[in-house]
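Chains as they are written, first to last, in my numbering: chain A, 1 to 326; chain B, 327 to 753.
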């Protein structure tokens, strides 16, 4: 069991948000419930809450991102925080500055929260370990390890559509090996009581020891989809399509692509999810991504509410504070 | 010539099967007798070693001393001192320095630095290929005449099997022992971590057991073909042990070791991305660890090495995937060995063999024994003294040990190296 202590304070409350691994059901449910307070009945996210007024959130992105960075920025702004966006993909690290030095410089700018995306697994843990006390670290994706806010927004989206996670059959299709989204979702689904977590892909894209995380591995997508409540696609990175792990994007689509015919094997009310950006005609057919069962765009919308919830909780505000939303 | 006797120590000499309280008589650089003094021997001084255990000076088969080239990590002088004060009198060092040990001048430099420092003996391994490039044969015959004890490509891969065959044939011509840490470079998609459930959960590229066993199988087949003497260094897996056991049973001239750290640590260490447990030879499953513990006790393995890898603090102060791999182990080598003995309730002499005559015989060295006539390299330690590992207390420049804060029993109090008696007072 992974030691989650580092992200909890003495009272057992979240001070960082690094991984879903090690967090109990109550903690995850509290995040989802808090996100509910930031959404209205028609799935709109509340425009403004004063919870982080006077606080500065630094979005520190060492990897390119549009969706995640933008929704974090929106979430912080809707909580009334000041936002500093730092794109370090080509910046200081290339000049030889270490991550720790970059961190110290940002501390000197007196930020209250770091949202970090980094290509190294464990980067967020590393930063949380070395950060000055009082600064919260939110993992915006670290290597192939974890993407906990994505995991939570996926859970939120499922809960909205299905009422609960408990008892659901969830099928995840695609590149599990390189996917932090898959790892976070697997952990969250297990903690929240999904009946069965299925993963399906060519064995080249499935880590050998993945079953230890509590999933069932399928070879054929047709079998994995049978009677599923939730179908998740994963993005196949361009560099994986060059013959190293799969022969071609075309063959992947032929064998694993989510087509309307295949989707019919799942339950009639199954929802289709994808963390984006989608490769149409590689992982998913356009008509499925845009179809009635797709909740892909809701995932993006809910991402704002969920990230607001995570930021609000990590900064120590309580749900009753949220009542002052304007 | 100075002559003296050490009395009342419990003398453990696995080479001669001695484990009893008896005297050691030293003249000049040599042990002249154990037990009764030889006729006509007059001691200039007598040393009372009551309560101490005396063993041959420890022999470490694999340590990275970092000099020349990486002096910010460690120097020969600092590490040779850490070794000696930790009970080790002979350190065999890796050739992956800068420049690599592929020229006689570098061998001479290492010998000179070690001699100037005056602590443990330092014996280099020769670079098996030029620049450790894995392609051209190194001048290993010349290098071994200059004092290298064997040859290795360190942690650098040799992917061309024909090159490996030629290296083995060449080494066999000159009776040179080749040291391989068996890792198939293609299969090792990560570094410093075992491919298992922990690395899978953490999303860390890792090294599967098959990287070791594929390389071992290939090396064993080529050893069969060529008749070369091979030492397998730093084994990590249960399956790897089986392959070595089979090869030995078939009568191949192979020997093998694991590191002291592998007897204690498993993949669980890297939980929470703790880079202190990031090791070049990865810590594997609990089952692998248990198999390694069994294999040192049942005699499958010939030695336990330190696999010492000192790093500057900054090398580990980065996220796990980019952190330097390796543990600093010279300071804790003997204390950990004694802890292992306590945990397993095994015979101390069985374990001492693995760090004295066992490793010495891998390269046919004339140390690791207390037999009359041998060089007087002796480790004297008090098994009752406990000591906590602290940053400041480490003599190695590498403070990268996961044992910080841990208390160990057993402390070296005197060392004899080539007859020279050194009091070590570290309380």
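The beta carbon of each residue, even a glycine, is placed where N, CA and C say it ideally should be.
### Query
How do the segment 166-175 of chain A and the segment 201-213 of chain A stand: do at least 3 beta-carbon pairs fall below 8 Å, yes or no?
Yes, they touch.
### Message
I'd like to know if residue 194 of chain A contacts chain B, where contact means its C-beta is closer than 8 Å to some C-beta of that chain.
### Response
The residue given as residue 194 of chain A occupies position 194 in the first chain. With respect to chain B, the C-beta atom of residue 194 of chain A has no partner C-beta closer than 8 Å.
### Task
Ignore the nearest five residues each way along the sequence and tell me which others in residue 537 of chain B's own chain have a CB closer than 7 Å to its CB.
The residue given as residue 537 of chain B occupies position 211 in the second chain. Same-chain partners within the cutoff: 509, 510, 513 and 514.
### Nearest candidate by alpha-carbon position, reference residue 226 of chain A, set A:269, A:212, A:193 and A:192
Along the first chain, one-based indexing puts residue 226 of chain A at 226. Of the residues A:269, A:212, A:193 and A:192, the one whose Cα lies closest to the Cα of residue 226 of chain A is A:269.
### Query
Under a CB-based cut-off of 8 Å, is residue 98 of chain A close to chain B?
Indexing the first chain from 1 puts residue 98 of chain A at position 98. It does: the Cβ of residue 98 of chain A has a partner Cβ on chain B nearer than 8 Å.
### Message
Do residue 703 of chain B and residue 744 of chain B count as a contact pair if the criterion is CB distance below 8 Å?
### Response
Numbered from its first residue, the second chain carries residue 744 of chain B at position 418. Numbered from its first residue, the second chain carries residue 703 of chain B at position 377. For the pair residue 744 of chain B and residue 703 of chain B, the CB atoms are nearer than the 8 Å cut-off.
### Task
Kindly list, in the order they appear in chain B, the residues whose Cβ is closer than 9 Å to that of residue 213 of chain A.
Residue mapping note: residue 213 of chain A aligns to position 213 of the first chain, counting from 1. Chain B residues near residue 213 of chain A: 523, 526 and 527.
### Message
Using only CA atoms, which one of A:83, A:118 and A:112 lies nearest to residue 406 of chain A?
### Response
Within the shown structure, residues of chain A are numbered from 1 to 326, placing residue 406 of chain A beyond reach of any answer.
### Query
In the segment 639-652 of chain B, which residues sit with their C-beta less than 8 Å from some C-beta in chain A, listed in chain order?
Answer in chain order: 640, 643, 644, 645, 646, 647 and 648.
### Message
I'd like to confirm the pairing. Which residues does DSSP put opposite residue 280 of chain A in its beta bridges?
### Response
The count along the first chain starts at 1 and reaches residue 280 of chain A at position 280. According to DSSP, which records beta bridges pairwise, residue 280 of chain A is partnered with A:284.
### Message
Which same chain residues end up closer than 8 Å to residue 65 of chain A when comparing Cβ atoms and leaving out the 5 residues on each side of it in sequence?
### Response
The count along the first chain starts at 1 and reaches residue 65 of chain A at position 65. Result list for residue 65 of chain A: 117, 140 and 141, in chain order.
### Message
Less than 8 Å between CB atoms is the rule here; does residue 598 of chain B satisfy it with respect to chain A?
### Response
Along the second chain, read from residue 1 onward, the residue named residue 598 of chain B stands at position 272. Chain A contact via Cβ: present.
### Task
Give a yes or no on whether 8 Å exceeds the smallest Cβ distance from residue 180 of chain A to chain B.
Counting from one through the first chain, the residue named residue 180 of chain A turns up at place 180. Output row for residue 180 of chain A: interface = yes.
### Message
Counting only Cβ pairs nearer than 7 Å, list the residues of chain A close to residue 533 of chain B.
### Response
Sequence index remark: in the second chain, residue 533 of chain B carries index 207 (1-based). The contacting residues do not exist; residue 533 of chain B stays about 12 Å from chain A at best.
### Query
Between residue 3 of chain A and residue 29 of chain A, what straight-line distance do the alpha-carbon atoms span, to the nearest angstrom?
For the purposes of this step, residue 3 of chain A is taken as the residue at position 3 of the first chain. For the purposes of this step, residue 29 of chain A is taken as the residue at position 29 of the first chain. Residue placement at residue 3 of chain A cannot be trusted, given a pLDDT of 48 that sits under 50; what the coordinates show is reported in the next sentence. Approximately 20 Å, taken between the alpha carbons.
### Query
Should the segment 382-390 of chain B be called in touch with the segment 622-637 of chain B, which here means at least 3 C-beta pairs below 8 Å?
Yes, the segment 382-390 of chain B is in contact with the segment 622-637 of chain B.
#### Entry: Selection from A:263, A:304, A:275 and A:15 that minimises the alpha carbon distance to residue 134 of chain A
Against the first chain, residue 134 of chain A aligns to sequence position 134. Minimum Cα distance to residue 134 of chain A is reached at A:15.
### Message
I'd like to confirm the pairing. Which residues does DSSP put opposite residue 233 of chain A in its beta bridges?
### Response
Within the first chain, numbered from 1, the residue matching residue 233 of chain A stands at position 233. Here residue 233 of chain A is bridged, per DSSP, to A:173.
### Query
Under 8 Å between C-beta atoms, does residue 121 of chain A make it to chain B?
Within the first chain, residue 121 of chain A is the residue found at index 121, counting from 1. Yes - at least one Cβ of chain B is within 8 Å of the one on residue 121 of chain A.
### Query
Under a Cβ-count criterion, where at least 16 other Cβ atoms within 10 Å of its own Cβ denotes burial, should residue 576 of chain B be classed as buried or exposed?
Counting from 1 along the second chain, the entry for residue 576 of chain B is found at position 250. Residue environment: residue 576 of chain B is assigned as exposed (fewer than 16 neighbouring CB atoms within 10 Å of its CB, all protein chains considered).
### Query
Name the chain B residues that come within less than 9 Å of residue 24 of chain A, Cβ to Cβ?
As a working mapping, residue 24 of chain A is identified with position 24 in the first chain. Correct list: empty, because the minimum Cβ distance to chain B is about 17 Å.
### Query
Quick one: is residue 530 of chain B near chain A, going by C-beta distance under 8 Å?
Reading the second chain from its first residue, position 204 is the one you call residue 530 of chain B. The C-beta of residue 530 of chain B comes closer than 8 Å to at least one C-beta of chain A.
#### Entry: Contact set between residue 126 of chain A and chain B, taken where Cβ atoms lie within less than 8 Å
Here residue 126 of chain A corresponds to residue number 126 of the first chain, with the count starting at 1. Against chain B, a Cβ distance below 8 Å from residue 126 of chain A picks out 599, 644, 645 and 646.
### Coil, strand or helix - residue 11 of chain A by DSSP
Within the first chain, residue 11 of chain A is the residue found at index 11, counting from 1. In this structure, residue 11 of chain A counts as coil in the three-state DSSP scheme.
### Query
According to DSSP, is residue 733 of chain B helix, strand or coil?
Position 407 of the second chain, counted from the first residue, corresponds to residue 733 of chain B. Here DSSP, grouped into helix, strand and coil, assigns residue 733 of chain B to strand.
### Task
Please report how far the alpha carbon of residue 533 of chain B lies from the alpha carbon of residue 482 of chain B, in whole angstroms.
Within the second chain, residue 533 of chain B is the residue found at index 207, counting from 1. Within the second chain, residue 482 of chain B is the residue found at index 156, counting from 1. Approximately 15 Å between the Cα atoms of the pair.
### Query
Per DSSP, residue 382 of chain B is paired with what?
Here residue 382 of chain B is taken as the residue at index 56 of the second chain, counted from 1. In DSSP, residue 382 of chain B forms a bridge with B:704.
### Query
DSSP beta-bridge partners for residue 212 of chain A?
Residue 212 of chain A sits at position 212 when you count from the first residue of the first chain. None, per the DSSP bridge assignment.
### Message
I'd like to know if residue 208 of chain A contacts chain B, where contact means its C-beta is closer than 8 Å to some C-beta of that chain.
### Response
Sequence index remark: in the first chain, residue 208 of chain A carries index 208 (1-based). With 8 Å as the cut-off, residue 208 of chain A counts as an interface residue toward chain B.
### Query
Using a beta-carbon distance below 8 Å, is residue 6 of chain A in contact with chain B?
As a first step, residue 6 of chain A is located in the first chain; it is residue number 6 there, counting from the start. Yes, residue 6 of chain A lies at the interface with chain B (some Cβ there is under 8 Å from its Cβ).
### Task
Sort out for me which residues DSSP pairs residue 142 of chain A with in a bridge.
As a working note, residue 142 of chain A is residue 142 in the first chain. In the DSSP output, where bridge partners are listed per residue, residue 142 of chain A has A:118 and A:146.
### Message
For the pair the segment 614-628 of chain B and the segment 595-605 of chain B, tell me if three or more CB-CB distances fall below 8 Å.
### Response
Flag = no, the segment 614-628 of chain B and the segment 595-605 of chain B do not touch.
### Message
To the nearest angstrom, how far is the alpha carbon of residue 1 of chain A from that of residue 527 of chain B?
### Response
For this step, residue 1 of chain A is matched to residue 1 along the first chain. For this step, residue 527 of chain B is matched to residue 201 along the second chain. Confidence at residue 1 of chain A is low in this model, with a pLDDT of 40, below 50, so its placement is unreliable and the value that follows should be read with caution. In a straight line, the C-alpha of residue 1 of chain A is about 10 Å away from that of residue 527 of chain B.
### Query
Would the segment 583-590 of chain B and the segment 655-662 of chain B be scored as touching if the rule is three or more Cβ pairs under 8 Å?
The segment 583-590 of chain B makes contact with the segment 655-662 of chain B, as at least three CB pairs between them are under 8 Å.
### Query
According to DSSP, is residue 456 of chain B helix, strand or coil?
Walking along the second chain from the start, residue 456 of chain B turns up at place 130. DSSP places residue 456 of chain B in the helix class (H, G or I) of the three-state scheme.
### Task
Go through its chain and collect everything with a Cβ distance to residue 428 of chain B's Cβ below 6 Å, but skip five positions before and after it.
Looking up residue 428 of chain B in the second chain gives position 102. Cβ within range, chain order: 453, 456 and 464.
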